[in-house]
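Numbering (the numbering used here), first residue to last: -19 to 77.
These notes concern the structure reproduced below.
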């Protein structure tokens, strides 16, 4: 089972108070974001960066993690049961496989 979480860029965190701060943000932030992504990849996450960027930093990063084991099996069975029950109640149980 894959779980994902999206993180959107917080422009206020760039702390660009005046024009002299802009070069610092342009030079440092993309490097730090690349380090973050590299470390997430090393931890076993799948990382998707948005194509839209602000000063070299992606406007959003989505991380995905595969989970396995008994918890996932039980959780997946619960999802299947709920989906089957609700689709049957609505009369569309044969619409999805």
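For every residue, glycine included, the Cβ atom is placed at its ideal position computed from N, Cα and C.
A direct Cα-Cα distance of roughly 9 Å separates residue -16 from residue 25. Residue 40: not part of any alpha helix (DSSP H); member of the beta strand (DSSP E) spanning 40 to 46, first to last residue. Between residue 13 and the set -9, -8, 23 and 41, the nearest pair of CA atoms involves 41.
Annotated three-state conformation of residue 18 is helix, per DSSP. In its chain, beyond the 5 residues on either side, -19 and -17 have a beta carbon closer than 7 Å to the beta carbon of residue 47.
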